[in-house]
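Colleague: This is the structure I want to talk about, given as structure tokens.
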Amino acid sequence: MKNLQYTKAQCRIHWWVAALVAGQYLGQNFMLAAMDRLDKTLTPSFTDFLITSAHSMAGLAVLALMLWRYRLRRSNPVAVGGGRMSPRLAGLARAWHLAMYGSLVLMTVTGVLSYYTDIAAATRWHELGKWLLGILVIGHIVAGLTHWLVFRDQVLQQMLGYCRDADTIRSSGQSGD
Ligand code: HEM
Ligand code: HEM
124 MKNLQYTKAQ CRIHWWVAAL VAGQYLGQNF MLAAMDRLDK TLTPSFTDFL
174 ITSAHSMAGL AVLALMLWRY RLRRSNPVAV GGGRMSPRLA GLARAWHLAM
224 YGSLVLMTVT GVLSYYTDIA AATRWHELGK WLLGILVIGH IVAGLTHWLV
274 FRDQVLQQML GYCRDADTIR SSGQSGD
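Convert by adding 123 to the 1-based position in the sequence shown; the result is the number in my numbering.
Given below as structure tokens:
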């Protein structure tokens, strides 16, 4: 039995992950420049220490939040698209979401390997992963806006927290498939 709504915790974690991932992309040039300087000197400046620490800590926070979110996904499974999509479209949406989970794990694992080891392939995969995740997120945002502007359903609104959440729905005895 699947629910029709995400819980408040699921929504909050979703937006924390989105904000942290956006920060990683916005700060990527600072990170690359800091790593470049670190390769040339043995003693990092305080600024470079802050930049690299912020990038790696934020990346690890994304991993922790995604694993938590994935656990909640299993304890509170939600029908994609509010349960109103055709089976084919719902299958695509589910696969897309799983691909996003996978590429976030890829980014964190390759990031850690690139930062803490000399494995050159990890850095290459981290760079490739940035494009893969970027494409998945752009497609995901387009899908979210399509729900709002074309399908005119509540899928985006409920992720934004405008609708009653699953806890409220469950306590009032309603649920769906
Ligand atoms: C880096 C940014 C983002 C990531 C990594 C991300 C990831 C995800 C994942 C993995 C899910 C599936 C949740 C689950 O069932 O476990 C999801 C759902 C959702 N996301 Fe995002 N998201 C991001 C940004 C956004 C943005 C900017 C929007 C607004 C357009 C958005 C709107 C939604 C909506 C509406 C759902 C619910 C989809 C449904 O139930 O069919 N997301 N997101
Ligand atoms: C969701 C998590 C993450 C995202 C979205 C992300 C994103 C990025 C992006 C966009 C770049 C620039 C890549 C390029 O153009 O070559 C980058 C570089 C880098 N990131 Fe991450 N990152 C994440 C997690 C991590 C983690 C957890 C670490 C380490 C603990 C890390 C370490 C690095 C390093 C060392 C570089 C520089 C690679 C180089 O020298 O070319 N990243 N990251």
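Glycine included, C-beta positions come from ideal geometry on N, C-alpha and C. Since the structure is predicted, the reported quantities are computational estimates derived from the model, not experimental observations.
(1) May I have all residues whose beta carbon comes closer than 5 Å to any heavy atom of ligand 4, sorted in chain order?
(2) When burial is assigned at 16 or more other CB atoms within 10 Å of the CB, is M180 buried or exposed?
(3) I'd like to know if the region 135–149 and the region 176–195 are in contact, where contact means that at least 3 CB-CB pairs between them fall below 8 Å.
(4) Under 8 Å by Cβ, that's how I've got L195 and A132 pegged, so tell me the actual separation to the nearest angstrom.
(5) Have a look at G284 and N126 and give me their C-alpha separation to the nearest angstrom.
(6) Is T246 a contact residue of ligand 2, with contact defined as CB to any heavy atom under 7 Å?
(7) Using CA atoms only, rank isn't needed, just tell me which of L229, L227, A202 is closest to A216.
(8) Is it true that the CB of Y129 sits closer than 8 Å to the CB of Q312?
(9) Applying the 10 Å Cβ sphere with the 16-neighbour rule, what's the burial state of S176?
(10) Is it the case that the CB of V201 approaches a heavy atom of ligand 2 more closely than 7 Å?
Modeller: Looking at the atomic coordinates:
(1) With respect to ligand 4, the structure offers nothing, as its ligand set consists of ligand 1 and ligand 2.
(2) Within the sequence shown, numbered from 1, the residue matching residue 180 stands at position 57. Exposed.
(3) yes
(4) Locating residue 195 in the sequence shown gives position 72, where the first residue counts as 1. Locating residue 132 in the sequence shown gives position 9, where the first residue counts as 1. The Cβ separation is near 6 Å, so the contact holds.
(5) Numbered from 1 along the sequence shown, position 161 holds the residue referred to as residue 284. Numbered from 1 along the sequence shown, position 3 holds the residue referred to as residue 126. If I take the Cα positions, the gap works out to 16 Å.
(6) Position 123 of the sequence shown holds residue 246. At least one heavy atom of ligand 2 is nearer than 7 Å to the Cβ of T246, so yes.
(7) Translated into positions along the sequence shown, residue 216 becomes position 93. Among L229, L227, A202, the Cα nearest to that of A216 is on A202.
(8) Outside the displayed span of the chain (124 to 300) sits residue 312, for which this structure offers no information.
(9) Reading the sequence shown from its first residue, position 53 is the one you call residue 176. Label assigned to S176: exposed.
(10) For this step, residue 201 is matched to residue 78 along the sequence shown. Checking every heavy atom of ligand 2 against the Cβ of V201, none is found closer than 7 Å.
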